Every structure is written in C-alpha cells, then in structure tokens.
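> Each residue of the sequence shown is one higher than the last, beginning at 74 in my numbering. Just passing along the structure, written as structure tokens.
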Amino acid sequence: IKNPLGGLRGAAQLLSKALPDPSLNEYTRVIIEQADRLRNLVDRLLGPQRPGQHITQSIHKVAERVCQLVSLEKPDNVALIKDYDPSLPELAHDPDQIEQVLLNITRNALQALGEQGGTITIRTRTAF
74 IKNPLGGLRG
84 AAQLLSKALP
94 DPSLNEYTRV
104 IIEQADRLRN
114 LVDRLLGPQR
124 PGQHITQSIH
134 KVAERVCQLV
144 SLEKPDNVAL
154 IKDYDPSLPE
164 LAHDPDQIEQ
174 VLLNITRNAL
184 QALGEQGGTI
194 TIRTRTAF
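Spelled out as structure tokens, the structure:
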C-alpha cells in the first residue's frame, strides 16, 4: 500500500511543478496531504512492530488525548472516569503507539458495554 501511495504523492508533486495555472496547485496539495495521511494511517495500523519515536513525557498526556477522543464517541449512558496516579514519573515512550493501544482498549470497552451503558475507567498506576 505504501509503495503506490508514494507513487501517487510523487506524481502529484511533479504535476504541481508542471501545471501552467498556479490556482490548480490546490488540488495537488490535497492529493499530497491525503497521501501523507494515508501513509500515517498505514504506519499506525502496522502497530508496535515498527519502531517509533520515543520521547520522555507524562503518560497522562496521552491518556488525556484518548479521553478527549473517546468522549466525542461515547454515548451519554457511558461514564468515562479518569483515575491518574500523580506520582508517576515521566516515561520514555512512543506516544502514537501508546495512544493507539489505549484507543483500541477503550473502544473495545465501549463495544462491550453496548446499549446498556456503564463506566469506563482510565487508571494509571506503577507496576513492579
């Protein structure tokens, strides 16, 4: 999938340079942006087996992003509770991969609750 996307992106870049009317470059810009978006999606779908960029930050930043996304998706009869351990140190991690894992788990919980509703708790703790 990534090879054809790279070809589409490259062709759009060449087309952008060859277009006689600069106002048409908006269309090639959209093609390039969407090809980049699809490439990123494919990278995320490939999951943890691909090495990512590790940064040191609070895991709670990632958890907050996930909670914001899930809050937009969840039905009204599902409560989302955040229970973070404030004493956790910053960790070196790939935030995109952790976000994808937390999103998958949380969305699975939403599906498991179904129409009956319930509570999903996002909890952080230290494990030894």
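Just so it is clear, CB atoms sit at the ideal spot from N, CA and C, and this is done for glycine as well. None of these values were measured; they are calculated from a predicted model.
1. Sorted by chain position, which residues of the same chain lie with C-beta nearer than 8 Å to D94's C-beta, five sequence neighbours on each side aside?
2. With a cut-off of 9 Å, does the C-beta of I193 fall near any C-beta of chain B?
3. Looking at the structure shown, is D156 part of a helix, part of a strand, or coil, going by DSSP?
4. Classify R82: buried if its beta carbon has 16 or more other beta carbons within 10 angstroms, exposed otherwise.
5. Between the C-alpha atoms of D167 and T199, what's the straight-line distance to the nearest angstrom?
Let's see:
1. Position 21 of the sequence shown, counted from the first residue, corresponds to residue 94. If we look at D94 and ignore the five residues flanking it on each side, it has no Cβ neighbours.
2. This model lacks chain B altogether, as it is built from one protein chain only.
3. Residue mapping note: residue 156 aligns to position 83 of the sequence shown, counting from 1. Strand at D156.
4. To locate residue 82, count along the sequence shown from 1; it is residue 9. So R82 counts as buried.
5. As a position in the sequence shown, residue 167 is number 94, starting the count at 1. As a position in the sequence shown, residue 199 is number 126, starting the count at 1. Approximately 18 Å between the Cα atoms of the pair.
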